[in-house]
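**Q**
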Amino acid sequence: MSNIYKEHFPVKLFYFLLIYAIGISNIAISQNNYTISGKISDAKNGEGMIGVNVYLKELKIGTSTNVYGFYSITAPKGKYTLTTSYIGYNSVSKEYVLELNQTLNIELIEEGKLLEEVVITGKREDDNVKNIEMSVNKVEMKTIKKMPAFLGEVDVIRSIQFLPGVSSVGEGSSGFNVRGGGIDQNLVLLDEAPVYNSSHLFGFFSVFNPDVVKDVKLIKGGIPATYGGRVSSILDVRMKEGNSKKPEFSGGLGTIFSRFAYERPFLKEKGSFIVALRRSYIDILAKPFLNADLKGSRFYFYDFTAKTNYKINDKNTIFLSGYFGRDVFGADFGFNWGNSTTSFRWNHVFNNKLFLNTTVFYSNYDYSLDSDLSNENAQDSFEWKSNILNYSIKPDFNYYLNSKNTISFGGQAIYYTFNPGQATAVSGGESRSIGLDSKYAIESALYVGNEQKLSDKLTINYGLRYSFYSYMGPGTVYTFNENTTPGERKPITSTRTSEKGEAIKNYGNLEPRIAFNLGINNSTSIKLGYNRLAQYIHLLSNTVASSPLDVWTPSSNNIKPQLSDQVALGLFKNFSENLYETSVEVYYKTLKNQIDYIRNADLLLNPAVEGDLMYGIGRAYGAEFFVKKNKGKFNGWISYTLARTERKVDGLNNNDWYASRIDKAHNISVVGILDLSKKWSMGTTLSFSSGTPASFPTNKFVWQGIALPHNYTDDRNTYRIPNSHRLDYSATRKNKHALFGKGESEWVFSVYNVYNRKNPFSVYVRQNPDDPSKTEAVKYSVFAAIIPAVTYNFKF
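For our numbering, count along the sequence shown from 1 and bump the result up by 1.
#1: What residue range does the alpha helix (DSSP H) around residue 144 cover?
#2: Could you tell me the distance, in whole angstroms, from the CA atom of residue 703 to the CA atom of residue 489?
#3: Expressed to the nearest angstrom, what Euclidean distance is found between the alpha-carbon atoms of residue 780 and residue 397?
#4: With a threshold of 8 Å, are at least 3 pairs of Cβ atoms found where one atom belongs to the region 439 to 456 and the other to the region 471 to 478?
#5: Looking at the unbroken beta strand (DSSP E) that takes in residue 701, where does it start and where does it end?
#6: Grab me the residues of residue 338's own chain with a C-beta within less than 6 Å of its C-beta, minus the 5 sequence neighbours each way, in chain order.
#7: Is residue 98 buried or exposed, if buried means 16 or more other CB atoms sit within 10 Å of its CB?
#8: May I ask you to report which of helix, strand or coil DSSP gives residue 767?
#9: Can you list, in chain order, the residues of its chain whose CB lies under 8 Å from that of residue 737, leaving out five sequence neighbours each side?
#10: Apply the 10 Å Cβ neighbour rule to residue 144 and answer buried if 16 or more other Cβ atoms are within range, or exposed otherwise.
#11: Is residue 504 closer than 7 Å to residue 530 when the C-beta atoms are compared?
#12: How many angstroms separate the CA atom of residue 477 from the CA atom of residue 499?
#13: Where DSSP assigns a beta bridge to residue 469, which residues make up the other side?
#14: Which one or two residues does DSSP pair with residue 786 in a beta bridge?
#15: Tell me which residue opens and which closes the beta strand (DSSP E) that residue 757 is part of.
#16: DSSP three-state call for residue 115: helix, strand or coil?
#17: Name the two residues that bound the continuous beta strand (DSSP E) containing residue 308.
#18: Please identify the residue among 697, 625, 706 and 650 whose C-alpha is closest to the C-alpha of residue 667.
#19: For the beta strand (DSSP E) holding residue 276, just list the boundary residues, first then last.
#20: To the nearest angstrom, how far is it from the Cα of residue 115 to the Cα of residue 317?
#21: Rounded to the nearest angstrom, how far is the Cβ of residue 200 from that of residue 158, given a contact under 8 Å?
#22: Distance check for residue 422 and residue 605, CA to CA, integer angstroms please.
#23: Rounded C-beta distance between residue 764 and residue 722? I'm assuming under 8 Å.
#24: Quick one: what's residue 201 bridged to in DSSP?
#25: Leaving aside the five residues before and after residue 669 along the sequence, list all residues of the same chain whose C-beta is less than 6 Å from its C-beta, in chain order.
#26: Are the Cβ atoms of residue 168 and residue 223 separated by less than 7 Å?
#27: Here's the rule: buried if 16 or more other CB atoms are within 10 angstroms of the residue's CB, otherwise exposed. What is residue 794?
#28: Run the CB neighbour count on residue 231, radius 10 Å, all protein chains shown included, and call it buried at 16 or more, exposed below.
#29: Evaluate residue 791 with the Cβ neighbour count: other Cβ atoms within 10 Å of its Cβ, from every protein chain shown; 16 or more gives buried, anything less gives exposed.
#30: On the premise that residue 613 lies in contact with residue 596, defined as a C-beta separation below 8 Å, what is that separation, rounded to the nearest angstrom?
#31: Return helix, strand or coil for residue 158, following the three-state DSSP convention.
#32: Is the Cβ-Cβ distance between residue 648 and residue 622 less than 7 Å?
#33: Report the three-state DSSP secondary structure of residue 130 (helix, strand or coil).
#34: In angstroms with no decimal places, state the Cα-to-Cα distance between residue 760 and residue 204.
#35: At what residues does the beta strand (DSSP E) containing residue 539 begin and finish?
#36: Measuring CB atoms only, is the region 165 to 185 touching the region 527 to 543, in the sense that at least three cross pairs come out at less than 8 Å?
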């Protein structure tokens, strides 16, 4: 593999920037400068706290803790007041004489007066104005647990869909869309390992167990150089580390599934762990009511999540976490899919300025379609399996150069194995296996970035990422006739067999990132950001909404990597001493090498599937308005997104721009949470969205009295389904004690779709069942009823 990287200019450029960034530290560390560093954690459970504001009052300089709770501040020799602040916690201020480098670990205690109030965000009160980040939303689990949810079950993915710029193609669909991107264009991370399908039960629930989730952060723009691999957004989900103070048992009994979690310290509080299990039981409850034809039905999901950590010494801590989940749906013929991830991380503090986190992860997403092959006497059956498997190593460094510069640098290497499909068919008692070659790829990257405070008013974050990708053998390499009429299947012109380890096709991309924060005054700032992103894997799906059986495929000699460029501009303003937070952001994003499909494309078990693909460009632009009340008995937010998402593909819609399948002009979300008393709280969500585009027949043929719908022009997405809107409500009653007379517990009563709105998921044309010579349009709704639920949560 050494020849792949040989003499690449971007690699040399990376090393130059890295050496320069570290080298200037000799200039920045002037005489008599010293550093305070350490970890900030929650006094209640020992969890490292993300984004805590740490500053020196006299110099008005500060920093924030990283995702592991580590901080570092450098200042001249002197006497200072070190202050730590985090909304919902008591601030800690203490005077220190800084005359040598020192380590200072701090534990923060929750404010008693806020224990019964909802905390919308876990960051400093003016963080949205002062922070360099833009197009970023962070929602704490405290808030997510207060929001109404489908069947009363807390859901991370559904909760972020109430944020500006985030949408879905319809109720019950899996995944989410961000600023005009497809669901495959979001990098969903669980403890830094990618999750390829973030949904259970076709999108009704997410794979993230709320009892284990510590932090949820969505990055839509201004993406730092440390992230890469997707062209739309990053959803970074961090798991709890486990209570390092005392044993704790928690869980919930719900309408459709139950969950249980256990966490505790070990080895004299040097380590801790948490394990959690969820299992749905709708199949068990429904079994007595199923008729003979459905007696063998299977429809359930389960997942197991675990994490442990151990502090070796003051400079080394290790973490091991994993997620294992599966969905089963069907009767004699059904679906089966699941995610598995494992992450091993090593935190190392070299000194009070340099912090390293190295992550090694494994991720596997497998999915299958099968009839009942367990029956040995079956004369006719079918089983199809597919998966995407990857291994990775990712070292990330944080170098706290001085009070004005925080440098990040590192790299990543990912090894992919794609199994597009292996099938076993049994006909007349005879078995036959068919399948496609596995595909292999290596994606690697180097990056360096710096957050620099140029003045009290201006902060800049700039970085460069270089990604390199190689499509590898062994396998069959196909070449297609590129002169085929656009919209028609491209015939194969040649094939060859590649050797193991052979680099079939290489791609390299420079991905610059830059963001500015210009402070107008203490409560107002203007932010500007630009980023370029590259994505080397693709999800092939030509259905209305993504399904678990959609095929992942790598970039190849025929499929180029996706590229996006996004510019965003925002105005951020707080009112009434940060009680109200407001923002307006506008963005414009271009997309290259976007995939579409010829008419009647064959995506499953097709060795020449690349001949059924079409390629084009895309653009997405819009404005996002956000108003949020951060504190008090009543709080919440209102968001409104005005946006367009379009594609342009040679051979479709007269080669002109047309609306993407995920295009929604208007999205409005309202979230309100009210604490009535110490015992009762209420949550309400209201959403409205424009209808998504759809393709309908332009004419029909009548043959032997049967109508056959037909689209003569093959125009895509020229119609729209009706608008959608929905109101949800929940009420939570806290009990005095939990199980066994101790701890805490609560009842959650929820109503989904309060006013019985039948929102359309899709509209399709079919033959009229009473008169086959006629056609009719049918509106299909996933949820067409009021859905009440009750959940009992406990912790002791």
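Glycine is no exception: its CB is placed at the ideal position from the N, C-alpha and C atoms.
**A** If we stick to the structure as given:
#1: By 1-based counting over the sequence shown, the position of residue 144 is 143. Unbroken alpha helix (DSSP H) run through residue 144: 142 to 145.
#2: Taking the first residue of the sequence shown as 1, we reach residue 703 at position 702. Taking the first residue of the sequence shown as 1, we reach residue 489 at position 488. Straight-line Cα distance between these residues: approximately 25 Å.
#3: The residue labelled residue 780 in the question sits at position 779 within the sequence shown. The residue labelled residue 397 in the question sits at position 396 within the sequence shown. Going from the Cα of residue 780 to the Cα of residue 397 covers about 50 Å.
#4: A contact exists between the region 439 to 456 and the region 471 to 478.
#5: As a first step, residue 701 must be located in the sequence shown, where it is residue number 700. Its beta strand (DSSP E) spans residues 700 to 704.
#6: As a first step, residue 338 is located in the sequence shown; it is residue number 337 there, counting from the start. Cβ within range, chain order: 328, 368 and 549.
#7: Counting from one through the sequence shown, the residue named residue 98 turns up at place 97. The residue in question, residue 98, is exposed, as its Cβ has fewer than 16 Cβ neighbours within 10 Å.
#8: Residue numbering aside, residue 767 sits at position 766 when the sequence shown is read from its first letter. Residue 767: strand per DSSP, three-state reduction.
#9: Taking the first residue of the sequence shown as 1, we reach residue 737 at position 736. Same-chain partners within the cutoff: there are none.
#10: Against the sequence shown, residue 144 aligns to sequence position 143. With 16 or more other Cβ atoms within 10 Å, it is buried.
#11: Residue 530 sits at position 529 when you count from the first residue of the sequence shown. Residue 504 sits at position 503 when you count from the first residue of the sequence shown. No, Cβ-Cβ distance for residue 530 and residue 504 is not below 7 Å.
#12: One-based indexing of the sequence shown puts residue 477 at position 476. One-based indexing of the sequence shown puts residue 499 at position 498. Approximately 6 Å between the Cα atoms of the pair.
#13: Translated into positions along the sequence shown, residue 469 becomes position 468. Answer by DSSP bridge pairing, in chain order: 445 and 509.
#14: Numbered from its first residue, the sequence shown carries residue 786 at position 785. Note: residue 786 sits in no beta bridge, so no partner.
#15: Residue numbering aside, residue 757 sits at position 756 when the sequence shown is read from its first letter. Counting along the chain, residue 757 falls outside any beta strand (DSSP E), and DSSP gives it neither H nor E.
#16: Taking the sequence shown and counting its residues from 1, one reaches residue 115 at position 114. Reliability fails at residue 115, whose pLDDT of 41 lies under 50, so the model's placement of it is uncertain and the value that follows must be treated cautiously. Helix, per DSSP.
#17: Residue mapping note: residue 308 aligns to position 307 of the sequence shown, counting from 1. From DSSP, the beta strand (DSSP E) with residue 308 extends over 299 to 314.
#18: Locating residue 667 in the sequence shown gives position 666, where the first residue counts as 1. When each option's Cα is compared against that of residue 667, the closest is 625.
#19: Position 275 of the sequence shown, counting from 1, holds the residue named residue 276. Segment 272 to 281, the beta strand (DSSP E) holding residue 276.
#20: Counting from one through the sequence shown, the residue named residue 115 turns up at place 114. Counting from one through the sequence shown, the residue named residue 317 turns up at place 316. Bear in mind that a pLDDT of 41 at residue 115, under 50, signals an unreliable position, so the model cannot answer this.
#21: Residue mapping note: residue 200 aligns to position 199 of the sequence shown, counting from 1. Residue mapping note: residue 158 aligns to position 157 of the sequence shown, counting from 1. Going by Cβ atoms, the distance from residue 200 to residue 158 rounds to 7 Å, so yes, they are a contact pair.
#22: Locating residue 605 in the sequence shown gives position 604, counting from the first residue. Locating residue 422 in the sequence shown gives position 421, counting from the first residue. Approximately 8 Å, taken between the alpha carbons.
#23: Reading the sequence shown from its first residue, position 763 is the one you call residue 764. Reading the sequence shown from its first residue, position 721 is the one you call residue 722. About 5 Å separates the two Cβ atoms, so the contact holds.
#24: In the sequence shown, the residue the question calls residue 201 occupies position 200. Beta-bridge pairing by DSSP links residue 201 to 206.
#25: As a position in the sequence shown, residue 669 is number 668, starting the count at 1. Answer for residue 669: 641 and 689, listed in chain order.
#26: The residue labelled residue 168 in the question sits at position 167 within the sequence shown. The residue labelled residue 223 in the question sits at position 222 within the sequence shown. Contact: no.
#27: Translated into positions along the sequence shown, residue 794 becomes position 793. Buried, by the Cβ-count rule.
#28: Mapped onto the sequence shown, residue 231 falls at position 230. By the 10 Å Cβ count, residue 231 comes out buried.
#29: As a working note, residue 791 is residue 790 in the sequence shown. It is exposed - the Cβ of residue 791 has fewer than 16 other Cβ atoms within 10 Å.
#30: Looking up residue 596 in the sequence shown gives position 595. Looking up residue 613 in the sequence shown gives position 612. The pair is not a contact, with the Cβ atoms about 10 Å apart (cut-off 8 Å).
#31: The residue given as residue 158 occupies position 157 in the sequence shown. Residue 158: helix per DSSP, three-state reduction.
#32: Taking the first residue of the sequence shown as position 1, residue 648 is located at position 647. Taking the first residue of the sequence shown as position 1, residue 622 is located at position 621. Contact flag unset, no.
#33: Within the sequence shown, numbered from 1, the residue matching residue 130 stands at position 129. Residue 130: helix per DSSP, three-state reduction.
#34: Translated into the one-based positions of the sequence shown, residue 760 becomes position 759. Translated into the one-based positions of the sequence shown, residue 204 becomes position 203. Each residue's alpha carbon lies about 16 Å from the other.
#35: As a first step, residue 539 is located in the sequence shown; it is residue number 538 there, counting from the start. Where residue 539 is concerned, the enclosing beta strand (DSSP E) stretches over 538 to 541.
#36: These segments touch.
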